[in-house]
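In UniProt numbering, the protein residues as written are 1 to 141.
Glycine included, C-beta positions come from ideal geometry on N, C-alpha and C.
Since the structure comes first, as structure tokens, the remarks are kept for the end.
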């Protein structure tokens, strides 16, 4: 696992989410336009709640869009989870010049969604991969 340093703001967001949903949160990345939570493996159902009740209650309280990523010890599974609704055809992690790199293949018609407006989705995936699995870079194919 990479090094995760939580800010006071992140810790507050995690505490609020855990209190409202009873799901275990491993990481929180507050961004200007959204909050990204990394949920403990197996706790995604608690985080979302029946018919989305839990996550919607948190969204309403914080007045911000929320993205959830389920943690996995397996870096390939974690990358697939981090890409969210984008279907990942394959993901390979290689060591090159002492750095861990992830090559991720997505269908051409979903590349735009994988990258996101101004690259925000791919940047989120890269940051999470670095923080949780010491992956230096994520390359879309």
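Restricting to Cα atoms, I'd like to know which of the options is closest to residue i.
i, options, result
"residue 62", "14, 86, 136 and 134", "14"
"residue 142", "51, 34, 68 and 35", "The requested residue 142 does not occur in the structure, where the chain is confined to residues 1 to 141."
"residue 146", "16, 55, 117 and 138", "The chain is shown from 1 up to 141; residue 146 falls before or after that span and cannot be answered."
"residue 21", "32, 11 and 52", "52"
"residue 47", "127, 18 and 65", "18"
"residue 77", "54, 102, 122 and 60", "102"
"residue 25", "55, 79 and 33", "55"
"residue 5", "16, 27 and 83", "27"
Since residue i and residue j are thought to touch, with beta carbons under 8 angstroms apart, how far apart are those beta carbons, to the nearest angstrom?
i, j, result
"residue 71", "residue 125", "No, residue 71 and residue 125 are not in contact; Cβ-Cβ is about 14 angstroms, not under 8 angstroms."
"residue 94", "residue 75", "Actually they are not in contact, since the Cβ atoms of residue 94 and residue 75 sit about 11 angstroms apart, beyond 8 angstroms."
Kindly list the residues whose CB is nearer than 7 angstroms to the CB of residue i, restricted to its own chain and excluding five residues on each side of it in sequence; keep chain order.
i, result
"residue 81", "69, 70 and 72"
"residue 86", "106, 110, 113 and 114"
"residue 57", "20"
What is the residue span of the beta strand (DSSP E) that residue i lies within?
i, result
"residue 57", "Taken as a continuous stretch (DSSP letters only), residue 57 belongs to no beta strand (DSSP E), being part of the alpha helix (DSSP H) at 53-62."
Starting from the C-beta of residue i, find all residues in its chain whose C-beta is less than 6 angstroms away, skip the five residues before and the five after it, and write them out in chain order.
i, result
"residue 29", "36"
Note the first and the last residue of the continuous alpha helix (DSSP H) segment covering residue i.
i, result
"residue 107", "Segment: none, residue 107 is in no alpha helix (DSSP H) and carries neither H nor E."
"residue 134", "That residue, residue 134, is in no alpha helix (DSSP H); it is neither H nor E in DSSP."
"residue 79", "75-82"
"residue 10", "8-21"
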